[in-house]
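Respectively, the protein sequence lines represent chains A and B.
For the first sequence, the positions run 1474 to 1761 when our numbering is used.
For the second sequence, the positions run -19 to 227 when our numbering is used.
Where a beta carbon is used, it is the ideal one built from N, C-alpha and C, also for glycine.
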Amino acid sequence: MTYANALVQGLLLGGLFALFACGLSLMFGVMEVINLAHGDIAVAAAYLAVVLVPLTHIPAVWIFVLVVPAFMVGGYFGQRLLIQRSLDEGPVTTLLVTFGLSVVLENVLLEVFTGNDQSLNIGSLVSGSFSVRGVILPYLSIMILGAALVALAAVQFFLSRTKTGRMVRAVADDREAAQLVGADYRHLFGIAAALASGTVALAGLALSMYTTVNPNTGPSYLLYGFAAVVIGGLGSLWGTLLGGMVLGVAMTMGSLVDPDFGAMLPYLVFLAVLAFRPRGLFPKKAIA
Amino acid sequence: MTEEPQGRELLEVRDLTVRHGQLVALHEVSVSVRTGEVVAIVGANGAGKSTLLRTIAGLHKPTQGSVSFGAVDITDYPPDQRVRAGLVLVPEGRRLFASLSVEENLLTGCYLKRGGAWDLARVFDLFPWMAERRRQPASQLSGGQQQAVALSRALLTNPRALLLDEPSLGLSPVALQRIYSVLPELVGSGIGVLLVEQDVRRVLRVADRLKCLLEGREALEGVPGGLEIEEIEAAYFGISERAVTSA
Chain A
1474 MTYANALVQG LLLGGLFALF ACGLSLMFGV MEVINLAHGD IAVAAAYLAV VLVPLTHIPA
1534 VWIFVLVVPA FMVGGYFGQR LLIQRSLDEG PVTTLLVTFG LSVVLENVLL EVFTGNDQSL
1594 NIGSLVSGSF SVRGVILPYL SIMILGAALV ALAAVQFFLS RTKTGRMVRA VADDREAAQL
1654 VGADYRHLFG IAAALASGTV ALAGLALSMY TTVNPNTGPS YLLYGFAAVV IGGLGSLWGT
1714 LLGGMVLGVA MTMGSLVDPD FGAMLPYLVF LAVLAFRPRG LFPKKAIA
Chain B
-19 MTEEPQGREL LEVRDLTVRH GQLVALHEVS VSVRTGEVVA IVGANGAGKS TLLRTIAGLH
41 KPTQGSVSFG AVDITDYPPD QRVRAGLVLV PEGRRLFASL SVEENLLTGC YLKRGGAWDL
101 ARVFDLFPWM AERRRQPASQ LSGGQQQAVA LSRALLTNPR ALLLDEPSLG LSPVALQRIY
161 SVLPELVGSG IGVLLVEQDV RRVLRVADRL KCLLEGREAL EGVPGGLEIE EIEAAYFGIS
221 ERAVTSA
């Protein structure tokens, strides 16, 4: 029963990792940008929520209604004004710029909010659960997985069914050919960045409900996001969900042996996938 | 200049010079296309034909010269703005979107929603097989079919001028015939065509005017009826001084 429990908790945790991974995958798939500030953007979203909840009296569970759109807009303009300029200079510049953005975000948060842990208070929901045949199912974990599924499905729907989404995929395939049918690729890059920023903001909100965050939390979740992308196969949205679930299960199963092993096992799985299946468990050529 | 087919001035390229680093890919090349006219550029590999079309489409920046389209100077327009104005390149090698289906590839041509005579139904009339294979990945098509999709994708933007970069490349004679058989309909509807090809004989049958490039410079210009094939070949390979432009 302990194993069954660990397995289920791990699978539920997969949704959170997938939310971290989805945007990384999109940014790399569409414009070959590796955003090193990705985890910090999630943490910044959590801090914005911590500020907004007492101000607006919106329940913490619903604060995403404000935070996610705000981060989508921020993502769009962050791409247009910052990332695009570095892209024009070359791939190394992009890495440096996103690394710089990460440092700036962390220090601004540290300066404004101190290094204390913060979390979003969702009341009794944080500890509530029900059980099915002895397997414990926490409401919050189910809610987070549900949010991840809805967010991934929405991104998938946008990319595969809308005119703009189709063009985002076209730009990812062949930027020049897309320009030749009239696509302003900078705008479409901005749209992809908005999706990346919106999903990772949602991840940050979920994380700060699930556990605590502080200004230095970002990079470790950036790493989990990378691992989920690599395990799942770059460019495949549903692959990242499965990658996230593999990570989650590795974490909870490892913790059964020893808490430290629980922190290490996901990375061992990550290394094993890199070594034996470098294109991921579910490789796909294109995004979505 | 020789006698022109009737039509309004559409595309006017003046003294275009393009450098790739140290290399001068194009040197003061001028060309114009009127509505309903097919102008062909011939020349050997490396003569600058593709560079000319790509510069007109906005993919390369000229160091000198200008491009006007419909009497508007578009020299500084980015590629997507040129498509918005109705100037559309069908690039060399088709360049279909590999992860998109045939239909999705075609629909990218409708992205800007420039109104006009071309829609999916008309494309499917022109190439009936496309309707049946619309759900297939574009990468599964044969070369000729891919070229047809690339051409249709460009037509769906409802262009006023088409730039065709070696549409015959890698095609079987039958597939080639099918692509070229579409030209009269396009031209009849007033589209101006600037066509780049290596195959001079093919070009002589469809072009109203012809220009030969040699190492980035204009080597010969004329109308197909007024030029001997030997004369063109000489300019093409740079064999004799006589061939250097007198038109």
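The continuous beta strand (DSSP E) containing aspartate -5 of chain B extends over residues -11 to 0. Between the C-alpha atoms of leucine 131 of chain B and glycine 1488 of chain A there is a straight-line separation of about 43 Å. Of all residues in the stretch 34 to 45 of chain B, those with a C-beta nearer than 7 Å to a C-beta of chain A are Ala37 and Leu39, reading in chain order. Not a single C-beta of chain A is nearer than 7 Å to the C-beta of glycine 196 of chain B. A contact is defined here as three or more CB-CB pairs under 8 Å, and the stretch 1737 to 1748 of chain A fails this definition with respect to the stretch 1 to 16 of chain B.
Contact between leucine 1593 of chain A and alanine 1519 of chain A is confirmed by a C-beta separation of about 7 Å, below the 8 Å threshold.
The alpha carbon of arginine 197 of chain B has as its nearest neighbour, out of B:Gly(-13), B:Glu17, B:Ala27 and B:Val18, the alpha carbon of B:Ala27. Taking CB atoms only, phenylalanine 77 of chain B has a neighbour in chain A less than 7 Å away. Counting along the chain, leucine 6 of chain B sits inside the beta strand (DSSP E) bounded by residues 3 to 14.
If you draw a straight line from the Cα of leucine 39 of chain B to the Cα of glutamate 1649 of chain A, it is about 8 Å long.
With contact defined as three or more Cβ pairs closer than 8 Å, the stretch 58 to 66 of chain B and the stretch 176 to 183 of chain B are not in contact. If you draw a straight line from the Cα of threonine 1685 of chain A to the Cα of alanine 1621 of chain A, it comes to about 19 Å.
For leucine 156 of chain B, same chain residues with a beta-carbon under 6 Å away, outside a window of 5 residues either side, are Ser148 in chain order. For glycine 1655 of chain A, the neighbours in chain B by C-beta distance under 7 Å run, in chain order, Asp60, Val63, Arg64, Tyr91, Leu92 and Thr137.
Here the alpha carbons of valine 1541 of chain A and serine 1670 of chain A stand approximately 8 Å from one another. Chain order gives the chain A residues near threonine 88 of chain B as Arg1639, Met1640, Ala1643, Ala1651, Val1654 and Ala1656, where near means a beta carbon separation below 8 Å. Relative to glutamine 1482 of chain A, the option among A:Arg1752, A:Gly1717, A:Phe1493 and A:Pro1756 whose CA is nearest is A:Gly1717. With a threshold of 7 Å between beta carbons, aspartate 1647 of chain A makes contact with chain B. Secondary structure note for glutamate 198 of chain B: its beta strand (DSSP E) is the uninterrupted segment 197 to 202. Cysteine 192 of chain B is bridged by DSSP to B:Val22 and B:Leu200. Taking CB atoms only, glutamate 84 of chain B has a neighbour in chain A less than 7 Å away. Chain A places no beta carbon closer than 7 Å to that of leucine 166 of chain B, leaving this residue out of the contacts.
Residue contact check for leucine -4 of chain B against chain A: no CB pair falls below 7 Å. Distance from the CA atom of valine 1516 of chain A to the CA atom of valine 1523 of chain A, rounded to whole angstroms, is 11 Å. Burial check for histidine 1530 of chain A: the Cβ neighbour count within 10 Å stays below 16, so the residue is exposed. Comparing alpha-carbon positions, the option among B:Leu135, B:Asp53 and B:Ile212 lying closest to phenylalanine 107 of chain B turns out to be B:Leu135. One finds Leu1653, Val1654 and Gly1655 in chain A with Cβ atoms closer than 9 Å to the Cβ of valine 68 of chain B, taken in chain order. In the DSSP assignment, glutamine 44 of chain B is bridged to B:Thr(-3).
Per the coordinates, the alpha-carbon of serine 1693 of chain A lies some 16 Å from the alpha-carbon of leucine 1582 of chain A. A Cβ-Cβ distance of about 6 Å is found for the pair glutamate 84 of chain B and arginine 1639 of chain A, placing them in contact under the 8 Å criterion. Here the alpha carbon of alanine 215 of chain B sits roughly 15 Å from the alpha carbon of leucine 184 of chain B.
In this model, arginine 64 of chain B and leucine 142 of chain B are separated by some 13 Å (Cα to Cα). Taking a cut-off of 8 Å for Cβ pairs, the stretch 1540 to 1556 of chain A and the stretch 1712 to 1728 of chain A do not touch, as fewer than three such pairs fall below it. When the Cα atoms are used, leucine 166 of chain B and arginine 75 of chain B turn out to be separated by approximately 21 Å.
Going by DSSP, glutamate 210 of chain B is part of the alpha helix (DSSP H) stretching over 209 to 217.
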